Every structure is written in structure tokens, then in C-alpha cells.
Amino acid sequence: MKNTRETAFQVIYKVLEENEHSHVVLRQALNQEKEVEKRDRAFVTRLVEGTLERLLTIDYILNQVSKTPVKKMKPVVRTVLRMSVYQLMYMDSVPDSAVCNEAVKLVKGKGLQGLSGFTNGVLRNVARNREQWNSDGAYPDKKKTPVKYLSIRYSLPEWLCSYFVKEYGFEKAEQIAEGSLRNPQTTIRCNTTKISKQDLRERLKKQGISAENGVYAEDALDISGYDALDKIPEFKEGYFQVQDESSMLVAQLAGLKKDDLVVDVCSAPGGKAIHAANLLESLGGGTVISRDVSEKKTALINENTERLQVKNITVQIADATILDETLTEQADVVIADLPCSGIGIMAKKPEIRYRMTKENQIELVKLQKEILNVVHRYVKPGGILMYSTCTINKEENEEQVKEICEKYGFIPAMHEVTVPTALKADVQEGAFIQLLPGIHACDGFFIARLKKKN
Numbered sequence: 004m005k006n007t008r009e010t011a012f013q014v015i016y017k018v019l020e021e022n023e024h025s026h027v028v029l030r031q032a033l034n035q036e037k038e039v040e041k042r043d044r045a046f047v048t049r050l051v052e053g054t055l056e057r058l059l060t061i062d063y064i065l066n067q068v069s070k071t072p073v074k075k076m077k078p079v080v081r082t083v084l085r086m087s088v089y090q091l092m093y094m095d096s097v098p099d100s101a102v103c104n105e106a107v108k109l110v111k112g113k114g115l116q117g118l119s120g121f122t123n124g125v126l127r128n129v130a131r132n133r134e135q136w137n138s139d140g141a142y143p144d145k146k147k148t149p150v151k152y153l154s155i156r157y158s159l160p161e162w163l164c165s166y167f168v169k170e171y172g173f174e175k176a177e178q179i180a181e182g183s184l185r186n187p188q189t190t191i192r193c194n195t196t197k198i199s200k201q202d203l204r205e206r207l208k209k210q211g212i213s214a215e216n217g218v219y220a221e222d223a224l225d226i227s228g229y230d231a232l233d234k235i236p237e238f239k240e241g242y243f244q245v246q247d248e249s250s251m252l253v254a255q256l257a258g259l260k261k262d263d264l265v266v267d268v269c270s271a272p273g274g275k276a277i278h279a280a281n282l283l284e285s286l287g288g289g290t291v292i293s294r295d296v297s298e299k300k301t302a303l304i305n306e307n308t309e310r311l312q313v314k315n316i317t318v319q320i321a322d323a324t325i326l327d328e329t330l331t332e333q334a335d336v337v338i339a340d341l342p343c344s345g346i347g348i349m350a351k352k353p354e355i356r357y358r359m360t361k362e363n364q365i366e367l368v369k370l371q372k373e374i375l376n377v378v379h380r381y382v383k384p385g386g387i388l389m390y391s392t393c394t395i396n397k398e399e400n401e402e403q404v405k406e407i408c409e410k411y412g413f414i415p416a417m418h419e420v421t422v423p424t425a426l427k428a429d430v431q432e433g434a435f436i437q438l439l440p441g442i443h444a445c446d447g448f449f450i451a452r453l454k455k456k457n
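For the sequence shown, the working numbering begins at 4 and goes up steadily by one.
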């Protein structure tokens, strides 16, 4: 790669100044280069994701050392300073001199020679006082202003920190806040219809890829030390898919039986639907209908089903808010992994923490209700509704379960399946599990298993 910092700058600028999605822009930037060394890919990825993740902390530091507030800086200088402060504070392997010199080069290269001295001065000030910024004493007082402290220390909006403290108490809120920071591991699900988990693990280890068993899901492996997923032969051959353990638990806890019909109503990119299809194949048969609202989303599902060579799945474009009468009381299992605030997966998609608002959350709750009002009808009497979200907000989770049971004739049914030993104590009201980042070894996620009364 010609210039790793230039690449990182372009991605961060597009995300923060032009409101693009980090995982999309980062993938495009890395794929534009014909050959990207593993070291360069890792550097750019960490610099981009880390800068986005620590943004509020970085801006707090900059506002302490710069006479010009971050909001009033020129976008180019603001971006260069943000990514440079991340390197100074969180990337020990990068010399201070290199960070400062490269930042000055970037600013000059964008035609802002007159601001190169300002850039250099701010960064050298941060470098000189790094030890101060690494201590709690540099941030808002933990006891006097706990919400402000959490917000700045862990780079989360205050409304979210306030919610965490209110619902879980300060100590647990701090664990959740810390757990929302990036985890360098990738979790994959072994496609056991094609290879055993042990064989996959051994094949990956021969390539220098660390592969350790997951904590909760039967087919999970945590991998690290790889270059790019599409360079791993086993990925191309469909031996595994990238999927968090929390997501794997949806199909695992559904209690699937041979010849079941499963309908996944908001399916893209298809992880849960494909997992269900694989489980049904291993049981001797069954069918999955995998749906989403647009051609763009169903294309993602098709891409994954083709790579994993899944035969017992049908992909359809369908709006989950519109009733399909042909499916009324036809499904043995309906998977409703609905649009949500995404607060549980901030470690994977860092910009969620800045873009999600309380107002957006309220609108998502309304959309969830609208979808649930339709899709519960697809469950046959005695059938199962698996309701899940990748958030930890009670209005989107527990309160929706309560309404499903009260309005649509469902009852708690988590007791009918084998819950992983490490999660048995987390089953609440016999119906659901709330997984929390920083407390559980996976994403923040909500899973409810509900049975339709006969």
C-alpha cells in the first residue's frame, strides 16, 4: 500500500464528514489496492476503527490542548488530528515523531500549509502529556459526574450512559461501556454440513490462524491472526461464515425438528437463516424461507447461500410489515430479528454510538411493533417465535416480549430447549436472555423464545 495514513484519512473523512458507513468505505478502500500486505491492512483497519470508536475521548483531549475547538477546525485538519491523537494514545508501536511528521505531511498535501505548524504543535502537546491522559484524573469526576465520566472515558453519548446507569447501576454500566470498545477477534460459525469444527480448526491453525472454541454456541470459533477473510480457502469453500455467538444462539435455541418450515422475516445478510437451514439438513430435512425488504438485501443473502452451498433455503423479497396470507399459520418457527438501535454491536460498528439517538430509538420501537403485528400470524398453533435484536434497550426487548404474549397469545418457552450451561442463570421469566457487552463473551444481544398457544 502506497500510504497507509492517506488511506485511513480518506476513510475516516468519509465516515465523519460525509456520513458514510465505516465497514463499507473501509472495505472499498482496501479492495482498491491490488495487493495489500497483512501488516498494512491491519494498520489501516485499526487506525480507522479505533479513531471512530474513541472519537469523544479524542475530541475531549483536543479541546483541552487546542485554542481552536474541534467543531471550528477545518474538516481536513480535524480528521488528521483525530487519527493522529488515536495513534499517540492507543498505538504504542508508532513513534511520536512519525505520527507528528506524517500528520504535517497530510495537512500540507491537502493544501493547508499554513496550518501545519498548528497541527504539529497540538500533537506534540498531546504527546508530552500522554501519561496525564491515560489516568482517570484527566477526565470528568467519576463520583461527582458519573454519566459525564462514562461518556468521555468510553466515548459514548451521554443519553446512552445515563440509560445504562439507570438500568444497571454505575458499576455494571461501566462494564458495558468498556465492553462496547473494539474486540480484535472475529467469531465464525463452522458449517458442520461440510466439515467438522475440529477439522476446520486444525486447517486454520496450519495457516497460522488462531482458532479457539467459543463460549456459548456449539459451532463457534474465535479466530485471529489472519490477513483477509476472502484470502482464506476455507471461507471461499463455504466451510464457515462470520457470525457472532449471540446470533448463532437464535437458531440453536429454536428447538428445530426434522421437516420444520422456518421463516426468517428480516434476514439479510442471512446468518440465522443459513444456520437454521444447516441444522435442518443435519436433522434430516426441512425448509427455510429467507426474506428481506429489497433486492440489495436479498442479494447479500444469495451471496452467502451460494458460497455456503445451502440447498434447503428459498430467498424472497418481501416487506415484513405487509401480511402474506399464504404464510398464515404455516411456519413451525418464525425468526424475527428485527431492525433495532444496534447498541449491542457498537464494538463492531463504532459509528452507531454517535448516530443513534433517543428519537431514532422510539421510531424503531414503533417499526418493531408494526412488524410483530404481522409476522406473529405466520406461526402455527404450538409453533415458535424467535424474537431477537442486537440491542440492550428494554423498550425494544423485554417490553416487546410482554406485548407479544399479552396481545398475540404467546407464552414463554425457553425452558423447552437446552440452554448453554454458562447462560442458564441468565434466562429471565422463562422466555428470554439479555446478553450484555463487557459482561458476556459476545455482542450485546437479546433472544426470546415464545410459543403460540394451541
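Even glycine gets a Cβ: it sits at the ideal position worked out from N, Cα and C.
Note that this is a predicted model, so its numbers are computed, not measured.
Beta-carbon gap between residue i and residue j smaller than 8 Å
i, j, result
"E181", "G441", "yes"
"I348", "I355", "yes"
"V291", "V337", "no"
"P342", "K456", "no"
"V102", "T122", "no"
"D222", "K200", "yes"
"V51", "S25", "yes"
"V129", "V80", "no"
"L259", "L282", "yes"
"L184", "Y157", "yes"
"A271", "I304", "yes"
"T392", "E402", "no"
"F173", "P149", "yes"
"Q125", "S119", "A small fix is needed here, since residue 125 is Val in this sequence, not Gln. Result no, Cβ atoms of V125 and S119 do not sit closer than 8 Å."
"I226", "I212", "yes"
"K151", "E161", "yes"
"E373", "T331", "no"
"L453", "L367", "no"
"V18", "L65", "no"
"A416", "L375", "no"
"V313", "R294", "no"
Assigned exposure category for residue i - 16 Cβ within 10 Å defines buried
i, result
"Q371", "buried"
"W136", "buried"
"H418", "exposed"
"A425", "exposed"
"S250", "buried"
"P78", "exposed"
"G386", "buried"
"G345", "buried"
"P353", "buried"
"K299", "exposed"
"T217", "In the sequence under discussion, the amino acid at residue 217 is Gly, which differs from the Thr named in the question. That one is buried."
"N396", "buried"
"D144", "exposed"
"Q437", "buried"
"D139", "exposed"
Reduced DSSP secondary structure (H/G/I, E/B, other) of residue i
i, result
"L29", "helix"
"C193", "strand"
"Q312", "coil"
"V318", "strand"
"V291", "strand"
"A444", "coil"
"I277", "helix"
"I450", "strand"
"T301", "helix"
"L439", "coil"
"I395", "coil"
"K456", "coil"
Chain-order list of residues whose beta-carbon lies under 7 Å from that of residue i (same chain, five-residue window excluded)
i, result
"T308", "G273, I277, I316 and V318"
"S285", "T195 and T196"
"D62", "V73"
"L326", "V377 and R380"
"Q333", "L264, Y381 and K383"
Residues near residue i in its chain [Cβ-Cβ closer than 6 Å; skip 5 each side]
i, result
"L153", "C164 and A180"
"Y16", "T82"
"A451", "Y390, V404, A434 and F435"
"D262", "G288 and G289"
"A176", "F167 and V168"
"E9", "none"
"V420", "L256 and G258"
Residue i at chain D interface by Cβ criterion, 8 Å
i, result
"T10", "Checking the listed chains, one finds no chain D in this structure; it contains a single protein chain."
Same chain only: Cβ atoms within 8 Å of residue i, ignoring 5 sequence neighbours per side
i, result
"L203", "C193, A214, L224, E237, Y242 and F243"
"A220", "R192, E248, M251, L252, Q255 and P423"
"R133", "L91 and M92"
Segments assigned alpha helix (DSSP H), at least 4 residues, entirely inside the segment 129-187: Counting only unbroken stretches of 4 or more residues, the alpha helix (DSSP H) elements lying wholly within the segment 129-187 are 133-136, 149-157 and 161-182, in sequence order.
Whole alpha helix (DSSP H) elements within the segment 43-114, 4-residue minimum: Segments of the alpha helix (DSSP H) lying fully in the segment 43-114: 58-68, 78-93 and 99-112.
3-residue-minimum beta strand (DSSP E) runs that sit fully inside the segment 198-270, ordered along the chain: For the segment 198-270, the full-length beta strand (DSSP E) segments reaching 3 residues or more read 213-216, 223-227, 243-245 and 263-267 along the chain.
Length at least 4, wholly inside the segment 400-437: the alpha helix (DSSP H) runs in chain order: Listed in chain order, the complete alpha helix (DSSP H) runs (minimum 4 residues) inside the segment 400-437 are 401-411.
Segments of 4+ residues assigned as alpha helix (DSSP H) that fall wholly inside the segment 321-385: The segment 321-385 contains these whole alpha helix (DSSP H) runs: 355-358 and 361-378.
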